[in-house]
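Chemist: Start counting the sequence shown at 93; every next residue gets the next number (our numbering).
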Amino acid sequence: VATLSSMALIYTRHVTVKLLPFDNKTELQVVVDLPKGSSVEDTNRLLQAAVDRLAGVPEIVSFQTYAGTAAPFNFNGLVRHYYLRSGPEQGDVTVNLVPKGERSRASHAIALDLRERLKGMTMPAGTVIKVVEPPPGPPVLGTLLAEIYGPDAETRRAVAAKVRETFSSVPFIVDVDDSFHNQPQRQRLSIDQDNLEYYKVEQSDVYDSLGYLFGGTTVGYSHRGGGRYPIPIRIALS
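Written out as structure tokens, the structure reads:
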């Protein structure tokens, strides 16, 4: 009778059940994805703006930003493939907290505070910013994940857009993202062969110049500091 009575409390919602309680860690992570085509300088500026907004949280000891490269990853980052984040539009902020014995708020409550502080940031359209907590149990790709299968990319994208819209309409679902992202604009350039011959310009020189113009180029190296590898000096449009 006691067993049935206790189970009835769950059914009537007088007692709620949580399989894994929130953990209390000493680190959090802010993961930023700008639109494709953004430069590493754009990413770094957004990371610094995020740090400025979070600097007033009393439980934070320090920050470390990573623009265009991955932060040191934990087991959660291993499952989510954070170690593959190497694009110029990708960035991370590692947030280090004071020991849990020296603060009254748990790391989950601090993560909620960080998310609220980041809401009003000015970001390029299509930017996705997430506050990631180390999970109390086995890591997963996402707290709530919808996998979509279909005959072609257009169908999958259309269904994914509807699912994302549904997720975004639920108040307690945050940091909604998808695997499509915003596709960068493409430009198609055609080389006039007659003009190349008239001006005596090699076709490879035109391709090299276009590569420097749109992708940047390394013009030298700085050997400052005691690091093992020199610092490349690059020139780019942005």
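From the three backbone atoms N, C-alpha and C, an ideal C-beta is built for every residue, glycine too.
Expressed to the nearest angstrom, what Euclidean distance is found between the alpha-carbon atoms of R172 and I283?
Modeler: Distance between the alpha carbons of R172 and I283 is about 42 Å.
Chemist: Less than 7 Å between C-beta atoms, sequence neighbours within five positions excluded: which residues of the same chain meet that for F165?
Modeler: Result list for F165: Y174 and Y175, in chain order.
Chemist: DSSP puts T186 in a beta bridge; with which residues?
Modeler: Per DSSP, Q121 and Q156.
Chemist: At 4 residues or longer, and completely inside the region 237-273: list those alpha helix (DSSP H) runs for me, N to C.
Modeler: Fully enclosed alpha helix (DSSP H) runs of 4 or longer: 245-261.
Chemist: In or out: Q156 buried (at least 16 other Cβ within 10 Å) or exposed?
Modeler: That one is exposed.
Chemist: Would DSSP call S321 helix, strand or coil?
Modeler: Per the sequence presented here, residue 321 reads as Tyr, with Ser not at that position. Residue state, collapsed to three classes: coil.
Chemist: Does the separation of the CB atoms of G303 and R326 fall below 8 Å?
Modeler: No, they are not a contact pair.
Chemist: Measuring straight from C-alpha to C-alpha, what distance separates S260 and A217?
Modeler: Using only the alpha carbons, I get a separation of about 16 Å.
Chemist: Between the C-alpha atoms of E294 and L288, what's the straight-line distance to the nearest angstrom?
Modeler: If you take the alpha carbons of E294 and L288, they lie about 7 Å apart.
Chemist: Check whether the Cβ atoms of T135 and G183 lie closer than 8 Å to each other.
Modeler: Contact flag set, yes.
Chemist: Measure the Cβ-Cβ separation of V251 and I265 and say whether it is below 8 Å.
Modeler: Cβ atoms of V251 and I265: not closer than 8 Å.
Chemist: For the beta strand (DSSP E) containing Y313, name the first residue and the last one.
Modeler: Looking at the DSSP string, the run of the beta strand (DSSP E) that includes Y313 is T309 to S314.
Chemist: For a test of the three-state rule: what should DSSP assign to K128, helix, strand or coil?
Modeler: Correct three-state label for K128: coil.
Chemist: Which word fits A203, buried or exposed, when buried means at least 16 other C-beta atoms lie within 10 angstroms of its C-beta?
Modeler: Looking at its Cβ environment, which holds 16 or more other Cβ atoms inside 10 Å, A203 is buried.
Chemist: Helix, strand or coil for I202? Go by DSSP, reduced to three states.
Modeler: I202 falls in the helix class under three-state DSSP.
Chemist: Does the structure place the region 185-197 close enough to the region 113-127 that three or more beta carbon pairs sit under 8 Å?
Modeler: Flag = yes, the region 113-127 and the region 185-197 touch.
Chemist: In the DSSP assignment, find the unbroken beta strand (DSSP E) run with V223 in it and report its ends.
Modeler: Counting along the chain, the beta strand (DSSP E) containing V223 begins and ends at V220 to V224.
Chemist: Among G229, A198 and V220, which has the Cα closest to the Cα of P150?
Modeler: Minimum Cα distance to P150 is reached at A198.
Chemist: Quick test of your reading: L126 and L138, contact by CB under 8 Å. State the CB separation rounded to the nearest angstrom.
Modeler: So it is a contact: roughly 7 Å between Cβ atoms.
Chemist: Quick one: give me the first and last residue of the alpha helix (DSSP H) that N166 is part of.
Modeler: Segment: none, N166 is in no alpha helix (DSSP H) and carries neither H nor E.
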